[in-house]
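So the sequences go chain by chain: A and B.
Using the working numbering, the first residue of the first sequence is number 5, and each one after it goes up by one.
Using the working numbering, the first residue of the second sequence is number 5, and each one after it goes up by one.
Think of the CB as a built atom: it goes at the ideal place given N, C-alpha and C, for glycine as much as any other residue.
Heads up: the structure comes next, in structure tokens.
2 protein chains.
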Amino acid sequence: MEKIGTFDFVTESYLLDFRGRLPLPMIGNYLLHCAGEHARQKGFGFNDMSERSCAWVLSRIAIEMTQYPTMSEPITIRTWVEDVGRLFTNRCFALLDKEGNNIGYARSIWAAIDLETRKPSDLTGIGKLEEYVTNQPCPIDKPGKILPAETGTEGEPYLVRYSDLDVNGHFNSIKYIEHILNLFDIDTFREKEISRFEISYVAEGRYGMQLSLHKKETAPDRYITSICDTEGKAICRAAITWKQNSY
Amino acid sequence: MEKIGTFDFVTESYLLDFRGRLPLPMIGNYLLHCAGEHARQKGFGFNDMSERSCAWVLSRIAIEMTQYPTMSEPITIRTWVEDVGRLFTNRCFALLDKEGNNIGYARSIWAAIDLETRKPSDLTGIGKLEEYVTNQPCPIDKPGKILPAETGTEGEPYLVRYSDLDVNGHFNSIKYIEHILNLFDIDTFREKEISRFEISYVAEGRYGMQLSLHKKETAPDRYITSICDTEGKAICRAAITWKQNSY
Chain A
5 MEKIGTFDFV TESYLLDFRG RLPLPMIGNY LLHCAGEHAR QKGFGFNDMS
55 ERSCAWVLSR IAIEMTQYPT MSEPITIRTW VEDVGRLFTN RCFALLDKEG
105 NNIGYARSIW AAIDLETRKP SDLTGIGKLE EYVTNQPCPI DKPGKILPAE
155 TGTEGEPYLV RYSDLDVNGH FNSIKYIEHI LNLFDIDTFR EKEISRFEIS
205 YVAEGRYGMQ LSLHKKETAP DRYITSICDT EGKAICRAAI TWKQNSY
Chain B
5 MEKIGTFDFV TESYLLDFRG RLPLPMIGNY LLHCAGEHAR QKGFGFNDMS
55 ERSCAWVLSR IAIEMTQYPT MSEPITIRTW VEDVGRLFTN RCFALLDKEG
105 NNIGYARSIW AAIDLETRKP SDLTGIGKLE EYVTNQPCPI DKPGKILPAE
155 TGTEGEPYLV RYSDLDVNGH FNSIKYIEHI LNLFDIDTFR EKEISRFEIS
205 YVAEGRYGMQ LSLHKKETAP DRYITSICDT EGKAICRAAI TWKQNSY
């Protein structure tokens, strides 16, 4: 039984950033697509969960890239379940270029919520999930706790709009990444590349929310960011590590 | 010789809006992708133009949809060149659902600029282009002149950021559409659907530009919008017609 899912993509010019590279939010879209498809193929997808009146909730994701795909480049993404706990399951990803060389890894942490009570569901009850656990290595750090960026920083206002919403009517988890990257100026993107991006989703963003985006440098090329609601409570936190551009 | 290009897409959940429908900006991405691919296949694509030190510039596009694709729906887009003038060429599109029923049409007007002088190139010199002209019908109005929405309206500020830029470093022509749609509130999207969207690109938007977005109702369910630069000059204008939601 093949436990690892394999998915192929080809970059399209309209998806690329001004440097002609696939931007991190689009990589995030690909990863979520693979997660959803792999789960569906194995019997614990969106519809299977709905039947149990549950839904998957992305809690954290960390992405490390050594190379970013450029124009019309085929990419292969492999994904697998690393472990299943009572409340959380870890799903890993490996990204490969057309020669099969690794260009990145990602780790994601998921919970399931009961759609009626909105409380966490016990994942050990979803038998099929455990069948697919595999110990394929994923040599990057797990996403962890991110310090608050909002203390002592001026926030930048942002109002949640139509194009920010996902198919569930919540702030699209990938759009958070887009808005966080927009906190960095163009020269940073010219000179540097993101080597690690890590995000932790705390609460749901909704239409019309007046948010505030914060950014703080913690060390050279290392930043923490947060998106806060009107009361100043973080709805998500992210940590970004830049490296010199190798292109 | 097949003059009409045919391209197939399947919608992905992460591309859908909160109503579970493919949003207009993504339809725009598909159309531009088809235009680029069709031109490339026929010998007047991006690279062919670069060799003549020219580049295609989208001047106007009008999109009319009778039905919006939903989750995991196959869509076919057919595209062809309707005519070639000295300065402009008209490219049309038909959008079909999986049964082959028409769900929309689009018309686009393109110019080519000389990359050194930035002046318009003579399109009649690009011989290959004329070979592919076909009189396939496209039963929607051509995109035309759009009245200024900025006179007598308060603008909403918008600063051009990293995620707005396309692979040429200009404001992505599809991102304009996204920002224009964000001028409408969520109830409009709940109750109505866009039956026609038309946009005219006047000048290039660039990183760091402080723009101002204007919207004006001209008749019930009919709006004009504009995006203006710091001097108040419109860099693009759009007209939107809504209809009651038929879903």
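Just mark residue i as buried or exposed, buried being the case when its beta carbon has 16 or more other beta carbons within 10 Å.
| i | result |
| --- | --- |
| Thr138 of chain B | exposed |
| Lys179 of chain B | buried |
| Ala39 of chain B | buried |
| Met30 of chain A | buried |
| Leu151 of chain B | exposed |
| Ala243 of chain B | buried |
| Thr260 of chain B | Only positions 5 to 251 of chain B appear in this structure, which leaves residue 260 of chain B out of reach. |
| Ala110 of chain A | buried |
| Ser57 of chain A | exposed |
| Glu6 of chain B | exposed |
| Glu158 of chain B | exposed |
| Asp168 of chain B | buried |
Please report whether the beta-carbon of residue i lies at a distance below 8 Å from any beta-carbon of chain A.
| i | result |
| --- | --- |
| Arg165 of chain B | yes |
| Ser216 of chain B | no |
| Val171 of chain B | yes |
| Ile190 of chain B | yes |
| Glu16 of chain B | yes |
| Ile178 of chain B | yes |
| Cys119 of chain B | Rather than Cys, the amino acid found at residue 119 of chain B in this sequence is Leu. Cβ-Cβ to chain A under 8 Å: no for Leu119 of chain B. |
| Asn249 of chain B | no |
| Phe193 of chain B | yes |
Whose C-alpha, out of the options, is nearest the C-alpha of residue i?
| i | options | result |
| --- | --- | --- |
| Glu120 of chain B | B:Glu55, B:Leu62, B:Cys240, B:Gly89 | B:Glu55 |
| Leu187 of chain B | B:Asp21, B:Gly173, B:Asn176, B:Ser216 | B:Ser216 |
| Lys219 of chain B | B:Gly173, B:Gly129, B:Phe201, B:Ile184 | B:Ile184 |
| Ile107 of chain B | B:Leu91, B:Ile144, B:Ile130 | B:Ile144 |
| Ser199 of chain B | B:Leu100, B:Thr157, B:Glu158, B:Tyr72 | B:Tyr72 |
| Ile113 of chain B | B:Gly129, B:Val88, B:Tyr136 | B:Val88 |
| Thr234 of chain A | A:Thr155, A:Pro224, A:Ala223, A:Met213 | A:Met213 |
| Glu195 of chain B | B:Glu134, B:Leu127, B:Trp246 | B:Trp246 |
| Phe175 of chain A | A:Ser204, A:Glu208, A:Ala110, A:Thr192 | A:Glu208 |
| Tyr205 of chain A | A:Ser57, A:Lys149, A:Thr70, A:Leu127 | A:Lys149 |
| Lys132 of chain A | A:Gly47, A:Asp118, A:Ser230, A:Glu221 | A:Gly47 |
| Phe11 of chain B | B:Gly104, B:Met69, B:Thr70, B:Phe22 | B:Gly104 |
| Gly236 of chain A | A:Thr155, A:Thr70, A:Leu62 | A:Thr155 |
| Met69 of chain B | B:Gly173, B:Pro224, B:Glu160, B:Cys142 | B:Cys142 |
| Phe22 of chain B | A:Asn249, A:Glu202, A:Gly173 | A:Gly173 |
| Glu77 of chain B | B:Leu26, B:Lys123, B:Arg122 | B:Leu26 |
| Asn249 of chain B | B:Ser125, B:Thr192, B:Tyr166 | B:Thr192 |
Determine the contact status of residue i and residue j, defining contact as a CB-CB distance below 8 Å.
| i | j | result |
| --- | --- | --- |
| Ile190 of chain A | Tyr162 of chain B | no |
| Ile8 of chain A | Gly32 of chain A | no |
| Ala116 of chain A | Met75 of chain A | no |
| Ile98 of chain B | Arg82 of chain B | The amino acid occupying residue 98 of chain B in the given sequence is Ala; Ile does not appear at that position. Closer than 8 Å, so yes. |
| Leu28 of chain A | Ile239 of chain A | no |
| Ser96 of chain B | Gln140 of chain B | The question names Ser, but residue 96 of chain B is Cys in the sequence shown. It is a contact, given that the beta carbons lie within the stated cut-off. |
| Arg241 of chain A | Ala153 of chain A | yes |
| Tyr34 of chain A | Phe13 of chain A | yes |
| Asp101 of chain A | Ile79 of chain A | yes |
| Pro147 of chain B | Arg64 of chain B | yes |
| Ser16 of chain A | His37 of chain B | Position check: residue 16 of chain A holds Glu in this sequence, whereas Ser was assumed. Yes. Within cutoff. |
| Gly24 of chain A | Val171 of chain B | yes |
| Tyr136 of chain A | Val85 of chain A | yes |
| Thr222 of chain B | Ile231 of chain B | no |
| Leu62 of chain B | Ser177 of chain B | yes |
Any beta carbon from chain B within less than 8 Å of residue i's own beta carbon?
| i | result |
| --- | --- |
| Gly24 of chain A | yes |
| Asp21 of chain A | yes |
| Phe97 of chain A | no |
| Glu55 of chain A | no |
| Glu182 of chain A | yes |
| Asn186 of chain A | yes |
State yes or no: is the beta carbon of residue i nearer than 8 Å to at least one beta carbon in chain D?
| i | result |
| --- | --- |
| Ile150 of chain B | In the structure shown, chain D cannot be found, because the protein chains are A and B. |
Heavy atom of the ligand NAD less than 7 Å from the Cβ of residue i, yes or no?
| i | result |
| --- | --- |
| Ser230 of chain A | The ligand NAD is not part of this structure, which contains no ligands at all. |
message: Please identify, using Cβ separations under 8 Å, the residues of the region 58-72 of chain A that lie next to chain B, in order along the chain.
response: Correct list: empty, as no residue qualifies.
task: Pull out every residue of the region 26-46 of chain A whose Cβ sits closer than 8 Å to any Cβ of chain B, in chain order.
output: Answer in chain order: Pro27, Pro29, Asn33, Leu36, His37, Gly40.
field: Residues, ordered as in the chain, of the region 208-235 of chain B that lie near chain A by beta-carbon distance below 8 Å
entry: Of all residues in the region 208-235 of chain B, only Tyr211, Gly212 place a beta-carbon less than 8 Å from a beta-carbon of chain A.
field: Near-chain A residues of the region 80-112 of chain B (beta-carbon distance less than 9 Å), N- to C-terminal order
entry: Correct list: empty, as no residue qualifies.
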